[in-house]
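Residue numbers (this note's numbering), protein chains in the order written: chain A, 1 to 235; chain B, 1 to 410; chain C, 1 to 261.
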């Protein structure tokens, strides 16, 4: 754990490539990024710009071929498999484009899940789960399974799940891509409110211009490189 | 506990596939149960056939004689004062009765034909009390009362009678060596023919009254005492009591029926081998099918597993979910199979299906299945084991997933 | 012996010995091994009809047997123990029968049946080497004052033992030892001619049998009495035991064993 004013994320010279059949694709070509605590950063770029790859590396889901990521003072590359699991469990939250809720768990259980696998006692779990659900505006339909919820409701559940364990940062990779515009706006507003009220750091990947233009800070990626990093003001 | 809930709910996601898997596991369970029931019944029947066939539950005799296998025992009757030994045994609980027997070898002759024979001197009245099967085929059995000299009777194996060319009512001469190694011979009237169930033995076997055998051998001893009980399950318990009673007589040993029936041990080993072979086949079949089912389920949930890993679920926890799914399948399938098996066994027993007669028997016996609580436990444990093994490949597949690839999986 | 022509008998009894006396070692330079075999054969020298009493000892127990023989093919053995009264073994033309008071009909036994210990009836009566065997080989060994003639004999037809090794000491022309072998060549038993009746050259007093198949178990046979005499034919009647009863008395009463309850 580093001092409060030190960067939350410090990515340096990240490189990552993939094989697509016989072809080698360089998804990231030396990306540097510093994210401070409490920031709301939108990572923008067209399809194939490397947004998802960058999020995977920052989110401890993958490892770079070159460069390093330091999260909260911990070099992710030097962490063991078990440490990386714990980092994901405790310090990170994810909101996926396709919601990625567990189909056999109810809305409540999906939100409760990260606390449960971390061994949080039942009473504490209940308090925090209910709190997270309330903060995303989901009071009822808690017993429903994901296939019984609308897209917007599912994304709220997903967001509550990402928040419930008080992570240092939430990585949202195109969370509104599968929602209608009205719902999408509502979700973005929700994220902004979380950021303002709880001080949770957000990294938000999108190619939606209406969201990009509202973002306090936008990092633009093109062909695996950072081409712009603009700070505007509050969302 | 929640992982168990998740695993159970996962099974319900594809009901048809789960139902088929359960059916397969249940079928395997039923196969094993019914076989176990049949084997248990057969063993029980065989035990009784052996004991009531003349072996008795226990044998009391000189230690060095009992140490040799029945076929190797050629020594002269060595148990003296046997009636006193018998009196001490017959008072014990669960003892039906006890008979003195003499084992002897010699020659049986009729006219020019002489055959080497082996036989028993028995007490017919006690044989009846001990519920021994007499296996009489033709004529009558030996009389209860000890015959006077010159009135000795004998029952011959059917093969022996054929070899000598005699029928009930005719006289054969039995010759044997006495204790002094001198020859002795007596004419005996053939009263009946018996069949032991073993053709080779029938060609050499005879039975006569104990008194006749003693007269022939010039002795008042017996080879040993056979003891019959009212319940085969009490054999060891009664054996211990008999040993206590006879503790003051060193040189006497007590042998139970199982140690004297190598045939039973061989049959039991054979049946067990067949049973475990069948179990092995069921194991492999269920394992392969279940493994395939579980693997398909994993492949359909790759992105979900990726999500779980992304959320901080450890690979061990992911493995636990997969294994628990397998174990649920095994448990439920085995439960179904146990219930089905119980019902089928009851139905089969009620149907009184006739089986062909076993060797030595004149008529067939009902097909019966005898199930014990341990059978159900065994089946359940076996199926849990099978499914645990079946989960190996799916578990490995699941825990080796790369998170990024899994999340990108469609 | 009684079957020989009188003239030949004179030569053998008077002329031949005179010739023999003059020859060192007591053997004639013209005598063949077959001749020597015949001259040392106890069975050949035995009277055709006789009564003998044998004491046979094996396993530290001695039994008395009375043997009645008439010709080569009729022999009766009576057990002298009072307990065994009424029991006989009768051999007729090679077939051995057992007669017992408890059995109306005789029981056929194997010809090799051992009467006592390791001695069969053939062993006790003496095997007829010169009649039933042919000389396969013949050797001579030095042995003390005389010499030992060693015959390897093979049964001509049916005989108690397929092969025999027969040791005869000269000049006494008495057997010392005979080794009986099975068809495989394996040694079955050895008989040692331990003691001789001083009144007869070829009448044994004591034989010792060693059973090679039973760890050298020893059976000793002592000839207690020997009487050359005519033997009533009725003794060998398998159906009618009256002659036997007349000569030997009625059979012993059967041993009654206590009846088991």
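Each residue gets a CB set at the ideal place from its N, CA and C atoms; glycine is no exception.
Going by the beta-carbon positions, is the gap between residue 190 of chain C and residue 214 of chain C smaller than 8 Å? no
Comparing alpha-carbon positions, which option in B:186, B:102 and B:165 lies nearest residue 107 of chain C? B:186
Can you tell me the Cα-Cα spacing of residue 253 of chain C and residue 139 of chain C, whole angstroms? Residue confidence is low: residue 253 of chain C scores 47 on pLDDT, short of 50, so the model does not pin down where it sits. No coordinate-derived value is stated.
Which bits of chain B does residue 84 of chain C rub up against, with CB to CB less than 8 Å? 182
I think residue 223 of chain B touches residue 101 of chain B, with their Cβ atoms under 8 Å apart; what is that distance to the nearest whole Å? 6 Å
Could you check what DSSP says for residue 96 of chain A in three-state terms: helix, strand or coil? coil
Taking C-alpha atoms, which residue in B:214, B:406, B:337 and B:228 lies nearest to residue 184 of chain B? B:214
Quick one: give me the first and last residue of the alpha helix (DSSP H) that residue 100 of chain C is part of. Unbroken run through residue 100 of chain C: none, as it is neither H nor E.
State yes or no: is the C-beta of residue 124 of chain B within less than 8 Å of the C-beta of residue 152 of chain B? no
Sequence-distant residues of the same chain with beta carbon closer than 7 Å to residue 368 of chain B, five excluded per side: 41 and 349
Please check the pair residue 158 of chain A and residue 99 of chain A, which I expect to be a contact at CB under 8 Å, by giving their CB distance rounded to whole angstroms. 5 Å
Going by DSSP, which residues form a beta bridge with residue 113 of chain B? B:110
Consider the Cβ of residue 173 of chain B: report whether some Cβ of chain C lies at a distance smaller than 8 Å. yes
Give the residues of chain A in contact with residue 304 of chain B, contact being defined as C-beta atoms less than 8 Å apart. 100, 102 and 103
Assuming residue 168 of chain B contacts residue 193 of chain B under a Cβ cut-off of 8 Å, what Cβ separation, rounded to an integer in Å, is found between them? 7 Å
When burial is assigned at 16 or more other CB atoms within 10 Å of the CB, is residue 140 of chain A buried or exposed? exposed
For residue 246 of chain B, which residues of its own chain have a beta-carbon under 6 Å away from its beta-carbon, when the five flanking residues on both sides are left out? 252
Residue 94 of chain A beta carbon less than 8 Å from that of residue 195 of chain A: no
Kindly list the residues whose CB is nearer than 6 Å to the CB of residue 27 of chain C, restricted to its own chain and excluding five residues on each side of it in sequence; keep chain order. Note that residue 27 of chain C scores a pLDDT of 48, beneath 50, so its modelled location is shaky and nothing firm can be said.
Is there a Cβ of chain B sitting closer than 8 Å to that of residue 248 of chain C, yes or no? no
Rounded to whole angstroms, how far is the Cβ of residue 38 of chain A from the Cβ of residue 199 of chain A, which I believe are closer than 8 Å? 5 Å
Quick one: Cα of residue 222 of chain C to Cα of residue 194 of chain C, how far? 10 Å
Of all the CB atoms in chain B, is at least one closer than 8 Å to the CB of residue 23 of chain C? Since pLDDT at residue 23 of chain C reaches only 44, below the 50 mark, its modelled position is unreliable, and no value is offered.
Cβ-Cβ distance between residue 216 of chain A and residue 232 of chain A below 8 Å: yes
In chain A, which residues lie with their C-beta within 9 Å of the C-beta of residue 326 of chain B? Ordered by position in chain A, no residue passes the 9 Å Cβ test against residue 326 of chain B, which lies about 16 Å from the chain.
For the region 101-112 of chain C, enumerate the residues whose C-beta is nearer than 8 Å to any C-beta of chain B, in chain order. 102, 103, 104, 105, 107, 108 and 109
Check whether the region 393-406 of chain B touches the region 39-56 of chain B, taking contact to mean three or more Cβ pairs, one atom from each stretch, closer than 8 Å. no
Grab me the residues of residue 289 of chain B's own chain with a C-beta within less than 6 Å of its C-beta, minus the 5 sequence neighbours each way, in chain order. 24
Is the beta carbon of residue 341 of chain B closer than 8 Å to that of residue 384 of chain B? no
Residue 95 of chain B and residue 106 of chain B - do their beta-carbons sit closer together than 8 Å? no
Other residues of its chain near residue 81 of chain C: CB distance less than 8 Å, five sequence neighbours each side excluded: 63 and 64
For the putative contact between residue 114 of chain C and residue 56 of chain C, defined by C-beta atoms under 8 Å, what is the C-beta separation to the nearest angstrom? About 10 Å; that fails the 8 Å criterion.
If contacts are defined as beta-carbon pairs under 8 Å, then residue 72 of chain A and residue 91 of chain A qualify, I think. What distance do you get, rounded to the angstrom? 6 Å
For residue 208 of chain B, count neighbouring Cβ atoms within 10 angstroms of its own Cβ and tell me buried if that reaches 16, exposed if not. buried
Which runs of the beta strand (DSSP E) at least 3 residues long sit entirely within the region 318-363 of chain B? Give them in chain order. none
Nearest chain A C-beta to residue 400 of chain B closer than 8 Å, yes or no? no
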